[in-house]
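A.B. asks: In this note's numbering, the protein residues as written are 2 to 428.
By construction, the Cβ of each residue, glycine as well, lies at the ideal position given by its N, Cα and C atoms.
Here is the structure:
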């Protein structure tokens, strides 16, 4: 006999599968997709987020809030293990140039150099004249723009790295005039630098840059016989004309200002007999104020020498350079410097340390009074190595590295000239 059994054919029991709840921001449990949750930050800290110290906060979206995290480097304060921070802790160079603070708050000293200048290739012309450095079309490397009175023309010579200004690649801009001094400026405001020439008859011409070549136009009907350039800006050029100043503004017209020997910036500052008058541009006809001087300056220069945001005044009177601080209402004499045979008075940041320097050329040296704190200077001398008669100097970025170089053209007898290039080594 065979015994057989059968299963209960009723419903089978089903074991329920547990359901995992969705991640919930705010349950104080760090889930996937959350940076934090409540006080649960996992292993994250301010330091792991790139800060030096502090406490992370978790917001209502379970994301980090870093407002209480502190990064010491970059806060402008010298903290432990920092050599500097921003401007804090950055000393001046004992030689020439500037020190900088890196992003890691350590000092970078590669811009402290000695000597200050490197002698570049000299440029000789058998028949030459006054020169200025500018960038004339075709734009690119800087050009030496030279008046050549012997041939009645202007010539331009491009700068080539390591080789200097190239006579073999020069261009001759010949016209029916005799130029004696050039300047570079955008006269017709078309974006192309033009060449302005003072001619031997006192006329002022513009050589307007075209897509190919230049065309000459008379810049003003007024003449400046025996004059010389005393400054320029993007909008104007000023000349000394005996007992007057001729100012040509490129948006039209020329003004004659009674003042023996002024200098020029964006506004015209006229240095007369015992006074300096400010004539704001562009028309130079409004009296912007007059400041009395104890003598008659032969040159003036303007710049923020005390780093307070306004222009201070420097005047060359006979053999003394005097610095006048701008008080907001007047100028007050602060310092005087002996300046035997001084020419080419300038206020520029030559060492790129962020402070204006006071500069002039002596008979054989460049006198650089490096600015430090407010109206504190130390002298730095650079030998010119020549006592030959010279034309006015140019401070320009000849090699395109971001600092100002010094270019001086000397007379070599007859009509010959030698142009020396002193390349600033700071950059």
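Can you have a look at residue 368 and say buried or exposed, based on whether 16 or more other CB atoms are within 10 angstroms of its CB?
C.D. replies: Per the 10 Å Cβ criterion, buried.
A.B. asks: For residue 124, count neighbouring Cβ atoms within 10 angstroms of its own Cβ and tell me buried if that reaches 16, exposed if not.
C.D. replies: Buried, by the Cβ-count rule.
A.B. asks: Look at the alpha carbon of residue 199 and the alpha carbon of residue 304, and state the distance between them as a whole number of angstroms.
C.D. replies: So the alpha carbons of these two residues sit roughly 27 angstroms apart.
A.B. asks: Which residue wins for smallest C-alpha separation from residue 282, given the options 256, 69 and 297?
C.D. replies: Per the Cα distances, 256.
A.B. asks: Can you tell me whether residue 300 is helix, strand or coil according to DSSP?
C.D. replies: Residue 300: strand per DSSP, three-state reduction.
A.B. asks: Would residue 201 and residue 181 qualify as a contact pair, given that the criterion is a beta-carbon distance under 8 angstroms?
C.D. replies: In this structure, residue 181 lies closer than 8 angstroms to residue 201 by Cβ.
A.B. asks: Can you name, in chain order, every residue of its own chain whose Cβ lies under 6 angstroms from the Cβ of residue 346, other than the five neighbours on each side?
C.D. replies: Answer for residue 346: 300, 302, 317 and 361, listed in chain order.
A.B. asks: I need the DSSP call for residue 173, collapsed to helix, strand or coil.
C.D. replies: Residue 173 falls in the strand class under three-state DSSP.
A.B. asks: By how many angstroms is the C-alpha of residue 116 removed from the C-alpha of residue 365?
C.D. replies: Spanning the two alpha carbons is a distance of roughly 16 angstroms.
A.B. asks: Give me the Cβ distance between residue 195 and residue 209, rounded to the nearest whole Å; I'm assuming they're in contact under 8 angstroms.
C.D. replies: At roughly 5 angstroms, the Cβ-Cβ gap stays under 8 angstroms, so residue 195 and residue 209 are in contact.
A.B. asks: Am I right that residue 307 and residue 376 are in contact with their C-beta atoms under 8 angstroms? What's the rounded C-beta distance?
C.D. replies: Confirmed, about 5 angstroms.
A.B. asks: Within 10 Å of its beta-carbon, does residue 244 have 16 or more other beta-carbons around it, so buried, or fewer, so exposed?
C.D. replies: Exposed, because fewer than 16 other Cβ atoms sit within 10 Å of the Cβ of residue 244.
A.B. asks: Could you spell out where the beta strand (DSSP E) holding residue 189 opens and where it closes?
C.D. replies: Here residue 189 belongs to no beta strand (DSSP E), and DSSP marks it neither H nor E.
A.B. asks: Throw me the rounded Cβ distance for the residue 145 and residue 131 pair, which I believe falls under 8 angstroms.
C.D. replies: 11 angstroms between Cβ atoms; not a contact.
A.B. asks: Using a 10 Å radius around the Cβ and a threshold of 16 neighbouring Cβ atoms, would you call residue 44 buried or exposed?
C.D. replies: The residue is exposed, with fewer than 16 neighbouring Cβ atoms inside 10 Å.
A.B. asks: Whose C-beta lies closer than 6 angstroms to the C-beta of residue 22 among residues of the same chain, with five residues either side of it excluded?
C.D. replies: Summary for residue 22: the model assigns pLDDT 49, below 50, so the residue's position carries little reliability; its value from the coordinates is reported in the next sentence. Same-chain partners within the cutoff: there are none.
A.B. asks: Are at least three pairs of beta-carbons, each pair with one atom in the segment 217-232 and one in the segment 152-161, less than 8 angstroms apart?
C.D. replies: No, because fewer than three Cβ pairs between the segment 217-232 and the segment 152-161 fall closer than 8 angstroms, the two stretches do not touch.
A.B. asks: I need the DSSP call for residue 1, collapsed to helix, strand or coil.
C.D. replies: The structure shown does not extend to residue 1, since the chain is modelled only from 2 to 428, so the question has no answer here.
A.B. asks: Going by the CB atoms, is the gap between residue 241 and residue 248 shorter than 8 angstroms?
C.D. replies: In this structure, residue 241 does not lie closer than 8 angstroms to residue 248 by Cβ.
A.B. asks: I need the straight-line Cα distance from residue 254 to residue 77, nearest angstrom please.
C.D. replies: If you take the alpha carbons of residue 254 and residue 77, they lie about 50 angstroms apart.
A.B. asks: Judging by CA-CA distance, which residue of 34, 343 and 298 is the nearest neighbour of residue 325?
C.D. replies: Of the listed residues, the one whose Cα sits closest to residue 325 is 298.
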